[in-house]
Amino acid sequence: MSFFNSSFDPEGDPVTYYWHFGDPDKTSTAKNPFHRFQGPGAYQVSLVVTDQQGRTGATTKTVEVHNVQLVVNSTGDGRTRSPEEGCDTGRTIGDPAVPECTLRAAIEVANVQHGGDGDISFAIDIEVQG
Numbered sequence: 001m002s003f004f005n006s007s008f009d010p011e012g013d014p015v016t017y018y019w020h021f022g023d024p025d026k027t028s029t030a031k032n033p034f035h036r037f038q039g040p041g042a043y044q045v046s047l048v049v050t051d052q053q054g055r056t057g058a059t060t061k062t063v064e065v066h067n068v069q070l071v072v073n074s075t076g077d078g079r080t081r082s083p084e085e086g087c088d089t090g091r092t093i094g095d096p097a098v099p100e101c102t103l104r105a106a107i108e109v110a111n112v113q114h115g116g117d118g119d120i121s122f123a124i125d126i127e128v129q130g
């Protein structure tokens, strides 16, 4: 899931970002991070923005995750780092970068998390050359 924020400092000073996604040990310091949740459920996602003077602003929202699907986004053949945690091979693709999910990794996850049953969809751009 992609997260976007429009935080800024009124004086124009640089700010830092700290996201917590509500699942164990999953954080990011990116302005607009990508995060794949471990499974369906309600997650408390929080963002703290801090300027150079140490002033902060924070918000927390509940994100409802339903029917987590495995989306193959790469023609690579990498294995998942952990079928229990998801399809992430440890590599990223695209701009902005997102975790790579290969068909092999998606099948490994489906076998472990869904007993061999589950939906796998594809999001791969293919360029046809004449």
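If you count by full-length UniProt numbering, then the sequence shown holds residues 1 to 130, one letter each, in order. Where is the CB? At the ideal position from N, CA and C, for every residue including glycine. From a predicted model like this one, the values you see are computed outputs, not experimental measurements.
Beta-carbon proximity check, residue i vs residue j, cutoff 8 Å
i	j	result
THR56	VAL45	no
ALA105	THR89	yes
For residue i, the three-state DSSP class (helix, strand or coil)
i	result
GLU11	coil
VAL42	As written in the sequence, residue 42 is Ala, which differs from the Val given in the question. In the structure shown, ALA42 sits in a strand (DSSP, three-state: E or B).
ALA58	strand
GLU64	strand
HIS20	strand
SER6	coil
Cβ-based burial, residue i [other Cβ within 10 Å; buried from 16]
i	result
GLY130	Here the model assigns GLY130 a pLDDT of 47, short of 50, so the residue's position is not dependable, and the following value carries that caveat. The residue is exposed, with fewer than 16 neighbouring Cβ atoms inside 10 Å.
TRP19	buried
ASN73	buried
Among the options, the one whose alpha carbon lies nearest that of residue i
i	options	result
PHE3	THR16, ASP23 and ARG36	ARG36
ASN32	ALA42, LYS61, GLN38 and TYR17	TYR17
SER82	VAL72, VAL63 and GLN38	GLN38
ALA11	PHE21, CYS87 and THR50	The sequence given here has Glu at residue 11, not Ala. Checked all of PHE21, CYS87 and THR50; the closest Cα to GLU11 is THR50.
Range of the contiguous alpha helix (DSSP H) that encloses residue i
i	result
ASN111	103-113
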